[in-house]
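Inspection log for the structure reproduced underneath, given as C-alpha cells.
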Amino acid sequence: MLPLRKRYPKRGQKKHLRRRINPWQNGLFCFKNNRMLYSHSIAGCVQRTPKKNGSDNGIKTADLDGVLSTLENFKETFEKESLYRPFTITEETADLVNINDIASRINKNFTHLVVLGTGGSTLTGQALVALRPAYYEQKVEIIFHDNVDPVTTQSLLNYIPLETTCVLVISKSGTTLETLSQFALFYDTLHRKLGDRATQNFLVITDPKDNPLRRIAASLDLKTLDHDPEVGGRFSIFSNVGLIPAAVAGLDVRAIRKGAHMVLADFLSNRESAPAVGAALNLCLIEKGVNTTVFMPYADRLNGLAQWVRQIWAESLGKKGKGSNPVTAMGTIDQHSQLQLYLDGPKDKLISLITLNQSGGKPVNTAVFKEKSVLYMNGKTMADIMTAEQEATLHSLENQGCLVRHFALDTLDEATLGALAMHFMLETVATAHLLKLNAFDQPAVEEGKTLARKALESVKA
83 MLPLRKRYPK
93 RGQKKHLRRR
103 INPWQNGLFC
113 FKNNRMLYSH
123 SIAGCVQRTP
133 KKNGSDNGIK
143 TADLDGVLST
153 LENFKETFEK
163 ESLYRPFTIT
173 EETADLVNIN
183 DIASRINKNF
193 THLVVLGTGG
203 STLTGQALVA
213 LRPAYYEQKV
223 EIIFHDNVDP
233 VTTQSLLNYI
243 PLETTCVLVI
253 SKSGTTLETL
263 SQFALFYDTL
273 HRKLGDRATQ
283 NFLVITDPKD
293 NPLRRIAASL
303 DLKTLDHDPE
313 VGGRFSIFSN
323 VGLIPAAVAG
333 LDVRAIRKGA
343 HMVLADFLSN
353 RESAPAVGAA
363 LNLCLIEKGV
373 NTTVFMPYAD
383 RLNGLAQWVR
393 QIWAESLGKK
403 GKGSNPVTAM
413 GTIDQHSQLQ
423 LYLDGPKDKL
433 ISLITLNQSG
443 GKPVNTAVFK
453 EKSVLYMNGK
463 TMADIMTAEQ
473 EATLHSLENQ
483 GCLVRHFALD
493 TLDEATLGAL
503 AMHFMLETVA
513 TAHLLKLNAF
523 DQPAVEEGKT
533 LARKALESVK
543 A
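Numbering (this note's numbering), first residue to last: 83 to 543.
Next comes the structure, spelled out in C-alpha cells:
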C-alpha cells in the first residue's frame with residue numbers, strides 16, 4: 083500500500099475536491115455528489131474594521147498563511163508515527179464486521195447496555211450515540227456510567243433488569259480505579275443474582291498486554307476484546323470503544339468512518355483544509371492571549387460531541403503552562419446563561435458556533451392563547467425558531483466584535499458526525515504540534531491517581 087501522502091494527491095487533482103474557496107471567508111469543502119459534510123468559516127476572526135466597541139483582536143491573514151506552511155511538515159509524521167493510528171484506522175472496514183456482529187448479539191439477547199468506564203472510554207461512545215434523538219424507541223437502552231457517585235451507582239443497579247443487562251467494561255490500561263471498582267460492584271451484584279450465568283452478561287475491552295482487568299476477565303472467562311494498543315483512550319472514537327455502542331444504537335458505523343476518512347484525506351492533500359486552518363487560527367489566537375475556546379452547537383444531538391471535544395482539547399493541550407480552557411455551551415439554552423458574558427465581557431474567547439440546517443416539526447399555534455404579543459410565533463415550527471435563534475446569535479457575536487467561527491451543517495447524520503469528530507481530532511493534534519506539545523500524553527494527572535490509591539489503602543474496610 084502506498085504511503086498516506088502518496089495516496090492523497092494535492093487538492094485540485096481529485097474531481098470531488100475541486101471546489102476551492104478563500105478559507106478565511108468560507109472554508110467550505112464538498113465531496114462527490116455535492117455532498118457537503120460541513121463548512122468552516124473563520125471570517126469572524128480575521129482582522130477587520132473595528133466594531134462598535136472600537137476593538138479588533140482578530141488575526142492577520144498573513145500570520146495564518148505562515149502557520150499553514152509550517153503544518154506541511156507535520157503532515158509527514160502521519161507516515162512515520164504509530165501515534166496517528168487513531169486517524170488512519172478510518173481507512174479500515176474489516177473489523178466493522180465483528181463490531182456489527184457483537185452489536186447484533188447484544189440487541190438480540192439484552193434489553194439494556196451499561197458501559198462502565200471514564201474519560202474517553204465513555205465520552206467517545208456518548209458522542210456517537212447522542213446522534214439518536216433523546217426520545218426514541220430503543221431496542222436496547224444504552225447507559226454510560228462514568229462516575230463513582232455512590233447514590234447514582236446504587237440507583238442504576240436498582241433500575242436495570244439484571245438478567246437482561248449487558249455490561250461493557252472499558253479501560254485501555256486495565257488499571258483505572260473508577261472502572262475497576264465499578265466492574266467489581268456490577269459483577270458481584272449480577273453474580274449473586276445469576277450465578278455463573280453472569281459471565282455471559284459481560285464484555286471487556288482492554289489493552290492486549292497483561293494488566294489487572296485482563297487478568298480478572300480471563301479468570302472469570304469473560305469475553306475480552308483488544309483495545310488497539312496504538313489508539314489512546316481519548317482518541318478511540320473510531321475504534322471498537324466508540325463504535326460498539328454506536329452500532330448497538332443502530333448507527334451506520336461504516337458511514338461514521340467514511341465521513342471521518344474524507345476529512346483526513348482532505349487534510350493530507352489540501353494545505354488549506356478546515357482542520358489545518360482551525361489549528362493555525364488557534365495558535366495565532368493563543369499567542370495573542372485568547373485563553374478560552376467555546377464549543378457551542380445548536381443541536382442537542384451534538385452535545386455529546388462537544389463534551390468529548392472538551393476532553394481531547396484539555397488533555398492534549400493543557401501542558402507546560404500552555405493551552406486554552408475549553409468550555410461547552412448549548413444553543414439555545416446557554417443564550418440564557420453564558421451569552422451575556424461572550425457579548426459584553428472580555429474578548430478573550432474563541433467561540434465555535436455549530437449550526438444545522440433545521441427543518442420539520444409541527445407548527446406552533448399561539449392563536450389559541452388569544453394574546454397578541456405572541457402572534458409573531460404563530461404558524462412557525464420549532465425548526466423555524468431554532469434557525470432564527472442560531473442566526474441571531476451568530477450575527478450578534480459578529481456585531482459585538484467577538485472572535486467567532488462558524489461550522490454550518492446541511493444535515494446531521496453518521497457521515498457528518500464522523501467528519502466533525504475527525505476535524506476536531508486533527509485540529510487538536512495539529513495545534514499541539516504548533517505549540518510543541520505531545521498531544522497523546524497526560525502526565526500531570528498521574529499524581530492524582532497515585533494519591534487516590536494511597537488514600538484508599540489507608541481506609542479500613
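For each residue, glycine too, the CB sits at the ideal point set by N, CA and C.
Asked, Found
"Can you look up C366 in the DSSP assignment and give me helix, strand or coil?", "helix"
"Give the straight-line distance between the Cα atoms of L210 and Q393, rounded to the nearest whole angstrom.", "15 Å"
"Any idea what DSSP makes of D466, helix, strand or coil?", "helix"
"Whole angstroms are fine: how far does the CA of K518 sit from the CA of E173?", "28 Å"
"Leaving out the 5 sequence neighbours to the left and right, which residues in its chain are closer than 6 Å to G443 when beta-carbon positions are compared?", "T463, M464, A465"
"If you run the structure through DSSP and keep just helix, strand and coil, what is S123?", "strand"
"Tell me which same chain residues have a C-beta within less than 6 Å of the C-beta of N460, skipping the five on either side of it?", "T448, A449"
"Could you tell me the distance, in whole angstroms, from the CA atom of H194 to the CA atom of G140?", "49 Å"
"Taking the DSSP output, what are the residues bridged to P379?", "I436"
"Could you give the distance in angstroms between the alpha-carbon of A300 and the alpha-carbon of A280?", "14 Å"
"On the three-state DSSP scale, how would you describe N407?", "strand"
"In three-state DSSP terms, what is E431?", "Before going on, a small fix: residue 431 reads as Lys here, not Glu. Strand, per DSSP."
"Leaving out five residues on either side along the sequence, give the residues of the same chain with a beta carbon under 6 Å from the beta carbon of G386.", "Q208, A209, A212"
"Taking the runs of the beta strand (DSSP E) that are 3 residues or longer, which of them lie wholly in the segment 301-352?", "305-308"
"Which residues bound the beta strand (DSSP E) around E223?", "223-227"
"Taking the straight line between their C-alpha atoms, what separation do you get for M83 and A347?", "Its pLDDT being 42, under 50, M83 is placed unreliably in this model, and the value from its coordinates should be taken loosely. Approximately 15 Å, taken between the alpha carbons."
"What separation, rounded to the nearest whole angstrom, lies between the Cα atoms of S123 and K536?", "49 Å"
"Which of helix, strand or coil does DSSP assign to L517?", "coil"
"Where does L491 fall in DSSP's three states?", "strand"
"Is it true that the segment 480-496 meets the segment 414-430, where meeting means three or more beta-carbon pairs spaced less than 8 Å apart?", "yes"
"So S434 and F489 are in contact, right, with Cβ under 8 Å, and what is the actual spacing, rounded?", "7 Å"
"Count the other CB atoms within 10 Å of the CB of D228; is the residue buried (16 or more) or exposed (fewer)?", "buried"
"Among L333, T288, A501, Q440, which residue has its Cα nearest to the Cα of K304?", "The sequence shown places Leu at residue 304, not Lys. L304 has its Cα closest to that of T288, out of L333, T288, A501, Q440."
"If you reduce the DSSP assignment to three classes, tell me which class S253 lands in.", "strand"
"Give a yes or no on whether the C-beta atoms belonging to Q417 and E471 are separated by under 9 Å.", "yes"
"Would you check if there are 3 or more beta carbon pairs closer than 8 Å linking the segment 489-499 to the segment 334-345?", "yes"
"Of the residues R316, A381, S151, which one's Cα is nearest the Cα of L491?", "A381"
"Mapping DSSP to helix, strand and coil, what is Q95?", "Interpretation of Q95 is limited by its pLDDT of 37, a score under 50 that renders its predicted location unreliable; no figure is taken from the coordinates."
"Go ahead and pull the three-state DSSP assignment for T498.", "helix"
"Sort out for me which residues DSSP pairs C248 with in a bridge.", "L195"
"Decide if the segment 182-200 is in contact with the segment 316-332; the criterion is three or more beta carbon pairs, one per stretch, under 8 Å apart.", "yes"
"Does the Cβ-Cβ distance between V197 and L250 come in under 9 Å?", "yes"
"What three-state label does DSSP hand F284 in the structure shown?", "strand"
"What does the alpha-carbon distance come out to for the pair K275 and T246?", "12 Å"
"Taking 6 Å as the limit between beta carbons, can you name the residues of its chain near R296, skipping five residues before and five after?", "G256, T288"
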